[in-house]
């Protein structure tokens, strides 16, 4: 006995098959183009002083330019952590440097710690002058000297992103967020804490972005005397404190619904609502859980491990590409939402681990 589908089901099945086929084809083409671009990736040359930085990694020339300064250390260089950050997001910045105490074989025969030195091993790194050992107490001075070097050798980027190698940054969303903001104003954006210094500071976990004007102001002060900026060893606090001391503003980065764009903790923590006990009294914006925790235009998160950095990037990229496909082929505005991002993020965890501790929280 043969079974025949009703015509309306045939029609729906054909449409579904067509959509899936188109999506598969587009995914293959995009992946191929991405690989080709990776092979053609060219190192951004040092820009001479007072020359405007070009937007090499973005075809939209009206988009702001971003230099990423990423903290790492010799222990992490022995792992895949900084390389994963480079491959997934750091190379999408208009320029970047990892800052660290370099291994001996990368320092060169005429090494001296009186000058900042550059090296390349899978990605570009600097060792700021004066750095003899990596220690929490020397972290602030390490970052100050790194910032001075970046300002002198890579000037005139619109914005400078300062972060760790265990963070995730969505460069595309950061550029879109900064598009209508002035790099000529001394201002910073990130995950806001309301304690310790007047007007608060940005937690270093997900990183924070400072305008060219803010960088220029504090670097000029430090070029006169590096002690013009505070040094407690807590670098994110000290950098923010110095910028505030020179009248730099702290910007608000929450979206129109009060949801965070910069996540002070991992996506898992924000979504589950399992924040450390101190968060309520420290955070400028009341911490939330569930779908209201995080913006659809998520910019950065403190993911900590390489696998989760990949998961959140893949989840966001996939949803952004689906949105583009709907617009291009069906003229439908399908917006990227945190709901769909977290669905994809959790699904990737389930595929990898078979079980996922957040599965019971997903009740869409």
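Residue numbers (UniProt numbering): 1 to 364. All C-beta atoms in this analysis are idealised placements derived from N, C-alpha and C, irrespective of residue type, glycine included.
Short Cβ contact (9 Å threshold) for residue i with residue j
i           : j           : result
residue 271 : residue 161 : no
residue 96  : residue 69  : yes
residue 188 : residue 171 : no
residue 121 : residue 106 : yes
residue 181 : residue 211 : yes
residue 253 : residue 191 : yes
residue 84  : residue 309 : yes
residue 99  : residue 153 : no
residue 80  : residue 301 : no
residue 207 : residue 169 : yes
residue 255 : residue 205 : no
residue 144 : residue 224 : no
Identity of the residues DSSP links to residue i by a beta bridge
i           : result
residue 300 : 169 and 262
residue 124 : 120
residue 93  : Beta-bridge pairing links residue 93 to no other residue.
residue 69  : 97 and 162
residue 83  : Per DSSP, none; premise fails for residue 83.
residue 192 : 202
residue 294 : 260
Coil, strand or helix - residue i by DSSP
i           : result
residue 199 : coil
residue 279 : helix
residue 246 : coil
residue 340 : helix
residue 234 : coil
residue 210 : strand
residue 187 : strand
residue 75  : helix
residue 284 : coil
residue 111 : coil
residue 102 : coil
residue 134 : coil
residue 157 : coil
residue 145 : helix
residue 182 : coil
residue 129 : coil
residue 268 : helix
residue 254 : coil
residue 46  : Only weak support exists for where residue 46 lies, its pLDDT of 37 falling under 50; the coordinates are left without a value.
residue 227 : helix
residue 307 : helix
residue 313 : helix
residue 274 : coil
Neighbourhood of residue i by C-beta, 8 Å cutoff - its chain only, sequence neighbours within 5 removed
i           : result
residue 282 : 193, 194 and 195
residue 287 : 270, 273, 275, 279, 280 and 293
residue 332 : 326
residue 334 : 322, 323, 326 and 327
residue 179 : 62, 63 and 64
residue 304 : 166 and 266
residue 317 : none
residue 233 : 136, 137, 138, 139 and 140
Below-9 Å beta-carbon distance, residue i vs any chain B residue
i           : result
residue 122 : Here chain B cannot be found, since the structure has a single protein chain.
Contact set for residue i: own chain, Cβ-Cβ below 7 Å, skip 5 residues either direction
i           : result
residue 230 : 238, 241 and 242
residue 54  : Here the model assigns residue 54 a pLDDT of 46, short of 50, so the residue's position is not dependable, and the following value carries that caveat. Nothing meets the Cβ criterion.
residue 217 : 186, 246 and 248
residue 101 : 73, 74, 127, 131, 133 and 134
residue 173 : 297, 298 and 299
residue 345 : 267, 311, 312 and 315
residue 381 : Lying outside 1 to 364, the shown extent of the chain, residue 381 is not represented and no answer is given.
residue 88  : 309, 310 and 313
Sequence-distant residues of the same chain with beta carbon closer than 6 Å to residue i, five excluded per side
i           : result
residue 215 : 151 and 160
residue 221 : 228
residue 86  : 123
heavy atom of the ligand SAH below 8 Å from residue i C-beta
i           : result
residue 332 : By its list of ligands, the structure shown contains no ligand whatsoever, and the ligand SAH lies outside what it can speak to.
Just checking, does the stretch 290-301 make contact with the stretch 251-269 on the three C-beta pairs under 8 Å criterion? yes
Meets three-Cβ-pair contact criterion under 8 Å: the stretch 197-207 and the stretch 244-252: yes
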